[in-house]
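All remarks here apply to the structure that follows.
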Amino acid sequence: MDWNDIGRNIFELLNYDSNAPMIFSSGLFWALFLVFLPMYALVRNRRWQMVLFVVVFSLYFYYKSSGWFFLLLVGTSLIDWALSRVMIRLTSRRGRLWCMWGSIVVSLSVLGYFKYANFFLWNWNQMVEGNFQPLDIILPVGISFYTFQSISYIVDVYRGDVRPTESWLDYLFFLSFFPALVAGPIVRADYFLPQLRDKREATVGEIYMGLWLIIVGVVKKAIVADYISQYNDLIFASPTGYSGFESLMGAVGYTMQIYCDFSGYSDMAIGIALIMGFRLGKNFDFPYKSRNLTQFWRQWHISLSSWLRDYLYIPLGGNRKGVVRTYVNNFLTMLIGGLWHGAAWKFVFWGAMHGVGLAVHKACRPWLDRLPRWWIVSAVSWAVTMIYVSLLWIFFRADSWCDSWLIIRNIFTDFSIAYVMPFVEVRGLWCVMMAVIIGSHALPRRWHDAVSQWFVGSPWIVKLIVFMVVVQAVIELMTEEVAPFIYFQF
Amino acid sequence: MRNGYTGLWTLLAISFITIVAVSAFDSINVMGFELKTSGIISRITEPYHGSGCQDESVAVADSMVADTEKISFPVPVDTASQRILLIGDSMLEGLSPRLAAYAKQNGHELYTVIWYSSTSQIWGECDTLSTFIRKFRPTYIMVSLGANELFVRDIERKRDRHVKSILEQIGEIPYLWIGPPNWKEDTGINRLVEKNVAKGAFFLSDGMHFDRARDGAHPTRSSAAEWLDSIARWMPDNCNHPIRLLRPDNGVTSRAKRIIVLQPKK
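Chains A and B are the protein sequences, given in the same order.
For the first sequence, the positions run -3 to 486 when the working numbering is used.
For the second sequence, the positions run 11 to 276 when the working numbering is used.
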């Protein structure tokens, strides 16, 4: 054992690596959190020390994932904060408007350059049959999330809904708060900043509820999503190589994978924040229980859909300007929501189709509301919603239009139940995981609440055992041994 | 530390210390169940290699396979149609479709036996390979094993007899052992295989760059196809029994004549 090697390996682990962004379910984060937690507990009630300490840790967290782009975050926060301070000193509406738009333009320009420049260049190339080379741009992690936070802050300050922070450090704390920095939830200033001002202690119950959320998140993200993705990836990598039934399982699998992946990470973020005494709000509320698309968007990525509602849909006129404008506003909001997910036409299409679905649901609502509340009606509503959502996830995930249509065509033209038993036999663990996650959706909410309350109230040793069992389960599926791809068809 | 956090910190610390301490072992046996360990200690204590040492795509990486021990002079390519048996771990998911395309292009038949999570130990301890040799009567065997043994400590002592057992089962049939696509430096599996196989019967994949699937280990489909292309390019001048592997069209994959899937051994 060479101490020099050990030192260098640790340094390398702590250094920025574009291939290894820091995620909450990693051993490195766990180790760093062990250092962070006692120091945070010590400075918890000394406000300036606490804010400074968390900001430094958050910036390091961002540096580990995005390298020197953390300076971009610092710069953005400085501009926002300065403009917000100027804004509140101005009395003229026009001047305040200029400040708001100044901040929004800066934020969107940065996002536009890093995320959409190559997309627009590519489209321009297609139109003029040009020969431009794509720009060598690296997308800073989490830029879409903190840009939306920054916009919500400046707009709320303009509207008078939020009192701007006295110090830049407070604003940087809000914008760079590490639990929500790289993958949300999109924290709103009007919800978060009062918590910073009126700081109160996290109770023991909240601390262990935070731990419970982390455990649930790890199970969803690092165990279920990461495992089932291995099969789903095969289907999407080679759409022609699989039967209709296998393609269908890949599509259903991806539907569950994206939920577990995203909501699991949100759960971890919310849990870590709760341990620190901050509430981030719910981001997912069993969206796959929804019986219509409107309900789905109220329960899926809640922080994004409510952001889009408050800062896009309502300013566009919402439902106040007639039926046609309501549909158009809804459609535009979803279109932009789609583009927010990524710079590609497939995301635009995905968002647009959700917009169409929402419009159709709104149009049919008077008729749907008259239907009897029988279970069969609920079941059909749920099935129609899930089929539509899952179908659109295919476009969201597939590499190209062609691949999306190939998978859909396979499902409808090459479907045979003869594949069912061999599939279950060969992909046993995949099926078990899918059954568990679908089954957990079928359980009443109060059962989930009861389990979390049981955990919070359980003896310390039980919590330790539960935590260690989950960690070991992650290791069983993630260690140096190659986790098996479940099955293949060449 | 404030009271509310003491319990949580103690819980996290005990778990972390346990996981780190246990990672000093390859695996631990608890009431008959073999539990994997995290590998944290080996990650921290491994010799430092710096970052970014692998940077060339397998598609253009002829130079990267130069480390493979060569035969002293090229052997004429066996142009006969072959019945190829491809055996190994989950890496075959990427290799087999591309090899099937080569087989189709060159008039060979391909039989694939994929045993998930398998190792040289698993294949070496049983007669599964002999059974499939009797069943398919291959004229050429390709083995892709080692990815699940990259970090086994003291591997040369533990696995030597298993590698020898596999080679004994292969017997006189011409073969090629395709080394694992390392994503980190191994503890000796490549060295062990190379030591046991005949000269020109081992393709060292270590040192190549692979685009990885999201598990960070398996090459993507296209990268695995390029991996197989590299093997086909390497064969004529370096292999002790090269077979005809003219390149099919770019990106083309196909299906083996027969695919057998074996589940992980528990």
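The C-beta atom is built at its ideal place from N, Cα and C for all residues, glycine as well.
Check: When DSSP builds the beta bridges, which residues end up paired with G98 (chain B)?
Finding: B:I124, B:S154
Next item on the list: Output, in chain order, the set of chain A residues within a Cβ distance shorter than 8 angstroms of G134 (chain B).
Entry: Simply none; closest approach about 17 angstroms.
Next item on the list: Closer than 8 angstroms, Cβ to Cβ, to anything on chain A: give me those residues from the stretch 22 to 43 of chain B, in chain order.
Entry: L22, A23, I24, S25, F26, T28, I29
Check: Which value, in whole angstroms, describes the spacing of the CA atoms of D65 (chain B) and S233 (chain B)?
Finding: For D65 (chain B), the predicted structure reports a pLDDT of 38, less than 50, and the residue's modelled location is therefore unreliable. The matter cannot be settled from this model.
Notebook entry, point to check: chain B partners of I2 (chain A), CB-CB under 8 angstroms?
Noted result: I54, T55
Margin query: Please give me, in chain order, every unbroken run of the alpha helix (DSSP H) with length at least 4 that falls completely inside the stretch 126 to 161 of chain A.
Written below: 139 to 155
Check: Quick one: what does DSSP say I19 (chain A) is sitting in, helix, strand or coil?
Finding: coil
Notebook entry, point to check: So, helix, strand or coil for P281 (chain B), using DSSP?
Noted result: The first residue shown for chain B is 11 and the last is 276, placing residue 281 (chain B) beyond what the model contains.
Margin query: For P175 (chain A) and H251 (chain B), what's the separation of their Cα atoms in angstroms?
Written below: 57 angstroms
Check: CA-CA distance, S127 (chain B) and N406 (chain A)?
Finding: 29 angstroms
Margin query: Residues of chain B with CB closer than 9 angstroms to the CB of A489 (chain A), please, in chain order.
Written below: Outside the modelled stretch of chain A, which goes from -3 to 486, sits residue 489 (chain A), for which no answer is possible.
Notebook entry, point to check: With a cut-off of 8 angstroms, does the C-beta of L69 (chain A) fall near any C-beta of chain B?
Noted result: no
Check: What is the rounded straight-line gap between the Cα of L171 (chain A) and the Cα of T143 (chain A)?
Finding: 9 angstroms
Next item on the list: Spatial neighbours of S175 (chain B) within its chain, please: CB distance less than 6 angstroms, with the 5 preceding and 5 following residues excluded, ordered by chain position.
Entry: G134
Checklist line | Min CB distance W244 (chain B) to chain A below 8 angstroms | finding: no
Check: If you run the structure through DSSP and keep just helix, strand and coil, what is V70 (chain B)?
Finding: Because V70 (chain B) sits at a pLDDT of 38, beneath the cut-off of 50, its placement in the model cannot be relied upon, and the point is left open.
Item checked: Spatial distance of S73 (chain B) from F280 (chain A) (CA atoms) -> Its pLDDT being 39, under 50, S73 (chain B) is placed unreliably in this model, and the value from its coordinates should be taken loosely. Whole-angstrom Cα-Cα distance: 50 angstroms.
Notebook entry, point to check: Looking at S25 (chain B) and G49 (chain B), is the spacing between their C-beta atoms short of 8 angstroms?
Noted result: no
Note to self: Since V462 (chain A) and I211 (chain A) should fall inside the 8 angstroms C-beta cutoff, what is the C-beta to C-beta distance between them, to a whole number of angstroms?
What the structure shows: 7 angstroms
Check: Going by other Cβ atoms of all chains shown within 10 Å of its Cβ, with 16 needed for buried, is P148 (chain B) buried or exposed?
Finding: buried
Notebook entry, point to check: Do you know offhand how far I471 (chain A)'s Cα is from G240 (chain A)'s?
Noted result: 33 angstroms
Item checked: Residue burial classification, E159 (chain B) (beta-carbon count within 10 angstroms, cutoff 16) -> buried
Checklist line | According to DSSP, residues forming a beta bridge with W187 (chain B) | finding: B:V153, B:F212
Checklist line | Residues of its chain near V262 (chain B), where Cβ-Cβ distance is below 6 angstroms and the 5 sequence neighbours each way are ignored | finding: A111
Checklist line | Inter-stretch contact (C-beta, 8 angstroms, three-pair minimum) for the stretch 325 to 336 of chain A and the stretch 294 to 304 of chain A | finding: yes
Notebook entry, point to check: In terms of DSSP beta bridges, what is F43 (chain B) paired with?
Noted result: B:V40
Next item on the list: Could you check which residue in A:G318, A:H350, A:R321, A:R316 has the C-alpha nearest to that of I332 (chain A)?
Entry: A:H350
Checklist line | Nonlocal neighbours in the same chain, by C-beta distance under 6 angstroms from F451 (chain A), ignoring five residues either side | finding: W208
Notebook entry, point to check: Just checking, does the stretch 243 to 251 of chain A make contact with the stretch 217 to 231 of chain A on the three C-beta pairs under 8 angstroms criterion?
Noted result: yes
Next item on the list: Establish whether the CB of F18 (chain B) and some CB of chain A are separated by less than 8 angstroms.
Entry: In the sequence under discussion, the amino acid at residue 18 (chain B) is Leu, which differs from the Phe named in the question. Judged by the 8 angstroms Cβ criterion, L18 (chain B) is in contact with chain A.
Notebook entry, point to check: Opposite L272 (chain B) in the DSSP bridges: which residues?
Noted result: B:W125
Next item on the list: Return the Cβ separation of R93 (chain B) and L238 (chain B) in integer angstroms, given the expectation that the two are a contact with Cβ distance under 8 angstroms.
Entry: Actually they are not in contact, since the Cβ atoms of R93 (chain B) and L238 (chain B) sit about 18 angstroms apart, beyond 8 angstroms.
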